[in-house]
Amino acid sequence: MRIVFMGTPDFSVECLKALVDSKHEVVGVFCQPDKPVGRKQEMKMPDVKIEALKHNLPVFQPTTLKNGKGVELLKELNPELVIVIAYGKILPLDFLQFPKYGCINIHASVLPKYRGASPIHHSVLNGDSETGVTAMQMDEGVDTGDILLVRKIPIGINDTTLEMFEKLSHLGAEVLLETLDLLEKGELKPVKQNEAEATHAGLLSKEEGEIDWNQSALSIHNKIRGLYSWPGAYTKLGGKILKVHKAVLSEEKGNSIPGEVIRAHEKIAVSCGDGHCVELLELQLEGKKRLDAVSFINGRQISTGTILGK
12 MRIVFMGTPD
22 FSVECLKALV
32 DSKHEVVGVF
42 CQPDKPVGRK
52 QEMKMPDVKI
62 EALKHNLPVF
72 QPTTLKNGKG
82 VELLKELNPE
92 LVIVIAYGKI
102 LPLDFLQFPK
112 YGCINIHASV
122 LPKYRGASPI
132 HHSVLNGDSE
142 TGVTAMQMDE
152 GVDTGDILLV
162 RKIPIGINDT
172 TLEMFEKLSH
182 LGAEVLLETL
192 DLLEKGELKP
202 VKQNEAEATH
212 AGLLSKEEGE
222 IDWNQSALSI
232 HNKIRGLYSW
242 PGAYTKLGGK
252 ILKVHKAVLS
262 EEKGNSIPGE
272 VIRAHEKIAV
282 SCGDGHCVEL
292 LELQLEGKKR
302 LDAVSFINGR
312 QISTGTILGK
């Protein structure tokens, strides 16, 4: 099939690679415009663009697809199908309806759960035991179209969002190729989503990363791994921001003071609101480099009795 691919971040790259290596023809790649990054505000190409250029694929970075501008581009490319993975813009109806087989989205959750921009983060934040990838026939809504194919994988108790991104990007590529195979055979059976089960996973902010030590140890553990590596979980130590990159649930028993360091010898255990503890594995104090727990203790930056969050 003649396919237009639409995606922007690193998560989309595995699907593009799979398409390039398949029997299908990628006639064009759409992604968001290059953006300035860092202190020097140097222009950076999206990961999908970088990958597309490796294969000499034509790349399009329109600022808008509205007012018929998107369809004008599609007319030139004449695709039978458009594949969308984390593109970053809502597609207008005329664009969705132009290809023979419409537009298919590869979404990183088991729809209708976690519609929206941050499905992987939310599945880890909420302590889900499994997640997955859904191939969906796109309509005008946000992740509301008919379900074409679903594949699930487990989430381990210590899996981070970053690790799940990697696993789901590879699973997404598998789901994409399987969906295309079923489409060609005429064996896809679209299923309407159950609106009563729908949940939304909106964009996250840095402010959401602050740890509330009054919560349970499990909730805090889920926040730390769910926000790794962005936007990141943090607390305060001596009035400075202390980033907590990695942690695990601890067998240590807590006390009545949430946020108190009850052990700072060989490991760092912190009391939580439910009387259990989390063990902090990797930390980074504001303005300092990232350290493992032992190095952090040896630097005398923390000790038993220290209260975090202040």
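The opening position of the sequence shown corresponds to residue 12 in my numbering, with each subsequent residue numbered one higher. No residue lacks a Cβ here, since even glycine has one placed at the ideal position from N, Cα and C.
The alpha helix (DSSP H) that contains residue i, what's its start and end?
{"i": "Val272", "result": "No alpha helix (DSSP H) holds Val272; the beta strand (DSSP E) holding it covers 272-275."}
{"i": "Glu130", "result": "For the sequence presented, residue 130 should be read as Pro rather than Glu. Its alpha helix (DSSP H) spans residues 130-136."}
{"i": "Val93", "result": "Not the alpha helix (DSSP H): Val93 falls in the beta strand (DSSP E), residues 92-96."}
{"i": "Lys55", "result": "Careful: Lys55 lies outside any alpha helix (DSSP H), inside the beta strand (DSSP E) at 53-55."}
{"i": "Lys86", "result": "80-88"}
Given a cut-off of 9 Å on the beta-carbon distance, is the pair residue i and residue j in contact?
{"i": "Asn137", "j": "Asn233", "result": "yes"}
{"i": "Tyr239", "j": "Thr142", "result": "no"}
{"i": "Ala184", "j": "Cys26", "result": "yes"}
{"i": "Gln43", "j": "Thr19", "result": "yes"}
{"i": "Ile273", "j": "Thr246", "result": "no"}
{"i": "Lys86", "j": "Gln72", "result": "no"}
{"i": "Leu382", "j": "Leu194", "result": "Outside the displayed range of the chain (12 to 321) lies residue 382, so it cannot be described from this structure."}
{"i": "Gly99", "j": "Leu107", "result": "no"}
{"i": "Ile166", "j": "Ser129", "result": "no"}
{"i": "Ser180", "j": "Phe22", "result": "yes"}
{"i": "Gly250", "j": "Lys217", "result": "no"}
{"i": "Leu182", "j": "Val135", "result": "no"}
{"i": "Lys395", "j": "Gly270", "result": "It is not possible to answer for residue 395, since the shown part of the chain is limited to 12 through 321."}
{"i": "Gly284", "j": "Asn266", "result": "no"}
{"i": "Arg301", "j": "Lys264", "result": "no"}
{"i": "Ile117", "j": "Met147", "result": "yes"}
{"i": "Pro90", "j": "Gly39", "result": "yes"}
{"i": "Ile131", "j": "Met175", "result": "yes"}
{"i": "Ala304", "j": "Leu296", "result": "no"}
{"i": "Leu159", "j": "Ile115", "result": "yes"}
{"i": "Val37", "j": "Leu68", "result": "yes"}
{"i": "Ile308", "j": "Ala275", "result": "yes"}
{"i": "Val289", "j": "Ser306", "result": "no"}
{"i": "His66", "j": "Val31", "result": "yes"}
{"i": "His256", "j": "Leu214", "result": "no"}
Along the chain, where does the beta strand (DSSP E) that runs through residue i open and close?
{"i": "Arg13", "result": "13-18"}
{"i": "Gly39", "result": "36-41"}
{"i": "Glu281", "result": "The residue you asked about is not Glu; residue 281 is Val in the sequence shown. It spans 279-282 - the beta strand (DSSP E) in which Val281 sits, taken as one unbroken run."}
List the residues that DSSP assigns as beta-bridge partners of residue i.
{"i": "Ser261", "result": "Cys288"}
{"i": "Asp303", "result": "Glu293"}
{"i": "Cys114", "result": "Val93"}
{"i": "Phe109", "result": "Looking at the DSSP assignment, Phe109 forms no beta bridge with any residue, so it has no partner."}
{"i": "Pro47", "result": "Met54"}
{"i": "Ile318", "result": "Glu271"}
{"i": "Phe22", "result": "Answer is none; Phe22 lacks a bridge partner."}
{"i": "Arg126", "result": "His211"}
{"i": "Val70", "result": "Val40"}
Enumerate, from N- to C-terminal direction, the unbroken beta strand (DSSP E) stretches of 3 or more residues contained entirely within the stretch 138-187.
141-148, 158-165
Three Cβ pairs or more, each shorter than 8 Å: is that satisfied between the stretch 197-210 and the stretch 93-106?
no
Would you call the stretch 49-58 and the stretch 79-92 in contact, with 3 or more CB pairs under 8 Å?
no
Do the stretch 215-229 and the stretch 145-162 meet, that is, are 3 or more Cβ pairs less than 8 Å apart?
no
Quick check for students: name the residue ranges of the alpha helix (DSSP H) that lie wholly in the stretch 181-268, counting only runs of 4 or more.
228-237
Would you check if there are 3 or more beta carbon pairs closer than 8 Å linking the stretch 277-291 to the stretch 183-190?
no
Under 8 Å, with one C-beta from each stretch per pair, do the stretch 106-124 and the stretch 43-50 reach the 3-pair mark?
no
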